[in-house]
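In my numbering, the protein residues as written are 377 to 646.
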């Protein structure tokens, strides 16, 4: 079995590929630097030759979804994000159909079905809809926030040295466990629906961010405000929590922090 992982950030993709190989299958990671342009479709046909399953990691929010400003945090152009996501997903799904790919695995965010169609969630909802209607067998995996992403979440919410986050509950999860879950999904029978993965511990978002910044000896202050957004979207207190039946990962945030003095700065682990 040959699995192709699309991940411009490369770290999560590399971990998935390693896990797929551990299952006894072939895996390759593809990024734009490899000569593939999903916005035009260039190079997709070549990398999908002989491919049985695709893992698409393009859905996770990142600082690339907007412009980081000192006074207003991350300013997101929703229309631009939606256009980019829609075009890249359309080209990938069309190339998969032409190549006879049997299974599309798309990574999304827990709460995408509940959050208003705002910010990056507008694009995530569009991507999920396109995957469902593509005709290719699929699995949509929604993950909670990665441990490794907390500093980027803080950066997106920083306004003039103050981090403003909504008072929402989260269950962050280790990147390695998300990688293992995605790899297992890719080499298994398509779900024809949604699976979720979350961490074992539940916190308020400001608690997680405050812990991450204190670990780095940061001087930014963290506050909650119900008017604050999460990557451009207004979220309610429980919107980012998994549904019953989600797979609950094992690694706890405190144990992870004890071994990672400086968390990485990418929500999709660049």
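We put the beta carbon where it would ideally sit given N, CA and C, even for glycine.
Bear in mind that the values here come from a model prediction, so they are computed numbers and not experimental data.
Identity of the residues DSSP links to residue i by a beta bridge
| i | result |
| --- | --- |
| residue 540 | 599 |
| residue 450 | 444 |
| residue 545 | 580 |
| residue 432 | 382 and 482 |
| residue 477 | Paired residue(s): none; residue 477 is not in a bridge. |
| residue 623 | 573 |
| residue 514 | 480 |
| residue 553 | None, per the DSSP bridge assignment. |
| residue 534 | 539 |
| residue 413 | 418 |
| residue 606 | 609 |
| residue 522 | 549 |
Beta carbon of residue i nearer than 8 Å to that of residue j
| i | j | result |
| --- | --- | --- |
| residue 403 | residue 381 | yes |
| residue 603 | residue 575 | no |
| residue 379 | residue 431 | yes |
| residue 551 | residue 522 | yes |
| residue 539 | residue 585 | yes |
| residue 436 | residue 520 | no |
| residue 567 | residue 505 | no |
| residue 558 | residue 517 | yes |
| residue 482 | residue 503 | yes |
| residue 420 | residue 460 | no |
| residue 534 | residue 596 | yes |
| residue 452 | residue 496 | yes |
| residue 478 | residue 513 | yes |
| residue 401 | residue 549 | no |
| residue 545 | residue 614 | yes |
Whole-angstrom distance between residue j and residue i, CA atom to CA atom
| i | j | result |
| --- | --- | --- |
| residue 438 | residue 408 | 16 Å |
| residue 384 | residue 612 | 30 Å |
| residue 487 | residue 573 | 12 Å |
| residue 553 | residue 472 | 27 Å |
| residue 644 | residue 508 | A caution first: residue 644 carries a pLDDT of 40, below 50, which makes its placement in the model too unreliable to give a value. |
| residue 396 | residue 433 | 15 Å |
| residue 428 | residue 464 | 20 Å |
| residue 527 | residue 511 | 38 Å |
| residue 599 | residue 476 | 50 Å |
| residue 457 | residue 493 | 12 Å |
| residue 393 | residue 469 | 20 Å |
| residue 609 | residue 601 | 13 Å |
| residue 390 | residue 631 | 23 Å |
| residue 411 | residue 417 | 11 Å |
| residue 536 | residue 484 | 30 Å |
| residue 377 | residue 561 | 13 Å |
| residue 531 | residue 594 | 12 Å |
| residue 588 | residue 542 | 17 Å |
Where residue i falls, given that 16 or more other Cβ within 10 Å makes a residue buried
| i | result |
| --- | --- |
| residue 590 | exposed |
| residue 629 | buried |
| residue 442 | buried |
| residue 620 | exposed |
| residue 635 | exposed |
| residue 642 | Residue placement at residue 642 is flagged as unreliable, the pLDDT there being 40, under the threshold of 50; the coordinate-derived value follows with that caveat. By the neighbour-count rule (16 or more Cβ atoms within 10 Å), residue 642 is buried. |
| residue 626 | exposed |
| residue 491 | buried |
| residue 605 | buried |
| residue 525 | buried |
| residue 569 | exposed |
| residue 449 | buried |
Where the alpha helix (DSSP H) containing residue i begins and where it ends
| i | result |
| --- | --- |
| residue 502 | 495 to 508 |
| residue 387 | 387 to 398 |
| residue 403 | Here residue 403 belongs to no alpha helix (DSSP H); instead the beta strand (DSSP E) covers 402 to 406. |
| residue 630 | 629 to 635 |
N-terminal and C-terminal residue of the beta strand (DSSP E) that residue i is part of
| i | result |
| --- | --- |
| residue 425 | Residue 425 -> no beta strand (DSSP E), and no H or E assigned at all. |
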